[in-house]
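Chemist: There's a structure below that I have some questions on.
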Ligand code: MF3
Ligand code: CO
Ligand code: CO
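Residue numbers (the numbering used here): 409 to 665.
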């Protein structure tokens with residue numbers, strides 16, 4: 409058990425898988441409107457991944473997960489199961505997609521404000537996005553995962569929000585979840601020292617209220633214990649000589665690294 413440094417050939421495959429995962433969200437985006445159910449979004453994602461991308465939706469049957477994407481609404485933190493719930497104006501929803509293309513995984517998630525956002529909804533989505541960006545900006549050879557987690561935690565807590573500790577980012581490649589675990593909190597200098605060719609996700613879950621979570625009786629859906637809003641964004645990246653390359657960038661997304 410150790411961190412796999414990817415070859416240039418593997419990195420190229422992960423670039424392709426990452427862009428495929430981003431394209432799933434691009435495809436879904438215009439459909440994330442009041443009136444659609446999360447099960448309908450799941451079906452669209454499934455069909456697109458299988459028929460248009462020629463890929464595999466990694467969540468489907470992963471440890472028993474029953475659907476092809478995760479849809480997490482409002483006070484749901486992550487791993488929400490698509491179902492009959494209809495999206496309505498002012499919901500915030502995280503859509504998390506992971507695709508396997510030519511044996512390699514791409515994993516990304518974004519937040520959407522359905523219809524028009526509330527002030528609180530917009531705020532937690534923005535803070536969670538900035539938490540991801542600050543984590544990405546901390547990635548470079550010689551930095552540690554503790555540096556990355558510390559940067560995220562310092563920012564999010566400075567905004568009066570909290571960081572979920574029970575779930576984390578992860579190494580990724582031929583396997584969905586590889587070493588290392590990428591915590592979104594930590595102390596500078598702690599943990600794994602980053603090296604070029606390491607591939608992992610950063611996916612901070614940020615709560616507007618307290619950090620405590622619980623898992624619903626469905627065995628999957630993670631929610632905030634205080635029912636405060638929660639938001640998450642996720643990118644898959646490779647450590648480069650100077651910083652990182654993000655495989656799952658969205659079409660108009662520009663990140664100053
Ligand atoms: N995509 C999630 C992640 O970022 C994992 C979902 S696993 C599932 O790691 F089983 F819930 F789909
Ligand atoms: Co992930
Ligand atoms: Co994911």
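A virtual CB, placed ideally from N, CA and C, is assigned to each residue, including glycine. Bear in mind the structure is a predicted one, so any value in this text is a computation, not a measurement.
Identify the continuous alpha helix (DSSP H) that holds residue 555 and give its terminal residues.
Modeler: Position 147 of the chain shown, counted from the first residue, corresponds to residue 555. Counting along the chain, the alpha helix (DSSP H) containing residue 555 begins and ends at 553-566.
Chemist: So residue 351 and residue 440 are in contact, right, with Cβ under 8 Å, and what is the actual spacing, rounded?
Modeler: The displayed coordinates of the chain run from 409 to 665. Any statement about residue 351 would go beyond what the structure contains.
Chemist: Short of 7 Å in beta carbon distance, which residues of its chain neighbour residue 549, apart from the five on each side in sequence? Order them along the chain.
Modeler: Taking the first residue of the chain shown as position 1, residue 549 is located at position 141. Within the same chain, residue 549 has close Cβ partners 602, 603, 604, 647 and 649.
Chemist: For residue 537, which of helix, strand or coil comes out of DSSP?
Modeler: Here residue 537 refers to the residue found at position 129 of the chain shown. In this structure, residue 537 counts as helix in the three-state DSSP scheme.
Chemist: Is residue 478 near ligand 3, going by C-beta to nearest heavy atom under 8 Å?
Modeler: Looking up residue 478 in the chain shown gives position 70. True, at least one ligand heavy atom lies under 8 Å from that Cβ.
Chemist: Measuring straight from C-alpha to C-alpha, what distance separates residue 468 and residue 477?
Modeler: Working through the chain shown from its first residue, we reach residue 468 at position 60. Working through the chain shown from its first residue, we reach residue 477 at position 69. If I take the Cα positions, the gap works out to 8 Å.
Chemist: Note down the Cα distance separating residue 663 from residue 544, rounded to an integer number of angstroms.
Modeler: The residue labelled residue 663 in the question sits at position 255 within the chain shown. The residue labelled residue 544 in the question sits at position 136 within the chain shown. So the two alpha carbons sit approximately 9 Å from each other.
Chemist: Look up residue 588 in the DSSP assignment and say whether it is helix, strand or coil.
Modeler: Within the chain shown, the letter at position 180 stands for residue 588. Note: residue 588 maps to strand in three-state DSSP.
Chemist: At what residues does the beta strand (DSSP E) containing residue 449 begin and finish?
Modeler: Working through the chain shown from its first residue, we reach residue 449 at position 41. That residue, residue 449, is in no beta strand (DSSP E); its alpha helix (DSSP H) goes 446-455.
Chemist: Could you check the C-alpha separation between residue 444 and residue 450 for me, to the nearest Å?
Modeler: Your numbering for residue 444 matches position 36 in the chain shown. Your numbering for residue 450 matches position 42 in the chain shown. Their Cα atoms are separated by approximately 11 Å.
Chemist: Once the 5 residues before and after residue 500 are set aside, which same chain residues still bring their CB inside 8 Å of it?
Modeler: Mapped onto the chain shown, residue 500 falls at position 92. 481, 482, 519, 520, 521, 522, 525, 529, 532, 533, 637 and 639.
Chemist: Find out if the Cβ-Cβ distance for the pair residue 577, residue 612 is shorter than 9 Å.
Modeler: On the chain shown, position 169 is the one that residue 577 refers to. On the chain shown, position 204 is the one that residue 612 refers to. Result yes, Cβ atoms of residue 577 and residue 612 sit closer than 9 Å.
Chemist: What are the residues that DSSP puts in a beta bridge with residue 643?
Modeler: Position 235 of the chain shown, counted from the first residue, corresponds to residue 643. Paired residues: 610.
Chemist: Helix or strand or just coil, what does DSSP make of residue 570?
Modeler: Start at 1 with the first residue of the chain shown, and residue 570 comes out as number 162. Note: residue 570 maps to strand in three-state DSSP.
Chemist: Quick one: is the Cβ of residue 517 within less than 8 Å of any heavy atom of ligand 3?
Modeler: The residue labelled residue 517 in the question sits at position 109 within the chain shown. Under cutoff, so the answer is yes.
Chemist: Identify which residue in 458, 658, 420 and 425 has its Cα closest to the Cα of residue 514.
Modeler: As a position in the chain shown, residue 514 is number 106, starting the count at 1. When each option's Cα is compared against that of residue 514, the closest is 425.
Chemist: Under the rule that 16 or more other beta-carbon atoms within 10 Å means buried, what is residue 527, buried or exposed?
Modeler: Position 119 of the chain shown, counting from 1, holds the residue named residue 527. With fewer than 16 other Cβ atoms within 10 Å, it is exposed.
Chemist: Mind the definition here: the segment 427-441 touches the segment 504-514 only if three or more C-beta pairs lie below 8 Å; say whether that holds.
Modeler: Short answer: they touch.
Chemist: Residues in its own chain within less than 8 Å of residue 593 by CB, not counting five upstream and five downstream?
Modeler: One-based indexing of the chain shown puts residue 593 at position 185. Within the same chain, residue 593 has close Cβ partners 557, 558, 560, 561, 571 and 573.
Chemist: Given that a residue counts as buried once 16 or more other Cβ atoms are within 10 Å of its Cβ, and exposed if not, what is residue 586?
Modeler: In the chain shown, the residue the question calls residue 586 occupies position 178. Burial call: buried.
Chemist: Starting from residue 622, trace the beta strand (DSSP E) in both directions and tell me its first and last residue.
Modeler: Within the chain shown, the letter at position 214 stands for residue 622. Unbroken beta strand (DSSP E) run through residue 622: 621-623.
Chemist: Between the C-alpha atoms of residue 643 and residue 610, what's the straight-line distance to the nearest angstrom?
Modeler: Counted from its first residue, the chain shown places residue 643 at position 235. Counted from its first residue, the chain shown places residue 610 at position 202. Computed Cα separation, rounded: 6 Å.
Chemist: Does DSSP put residue 615 in a helix, in a strand, or in coil?
Modeler: Residue 615 sits at position 207 when you count from the first residue of the chain shown. Note: residue 615 maps to strand in three-state DSSP.
Chemist: Count the other CB atoms within 10 Å of the CB of residue 659; is the residue buried (16 or more) or exposed (fewer)?
Modeler: Numbered from 1 along the chain shown, position 251 holds the residue referred to as residue 659. Exposed, because fewer than 16 other Cβ atoms sit within 10 Å of the Cβ of residue 659.
Chemist: What are the partner residues of residue 653, as DSSP defines its beta bridges?
Modeler: In the chain shown, counting from the first residue as 1, residue 653 sits at position 245. Note: residue 653 sits in a beta bridge opposite 646.
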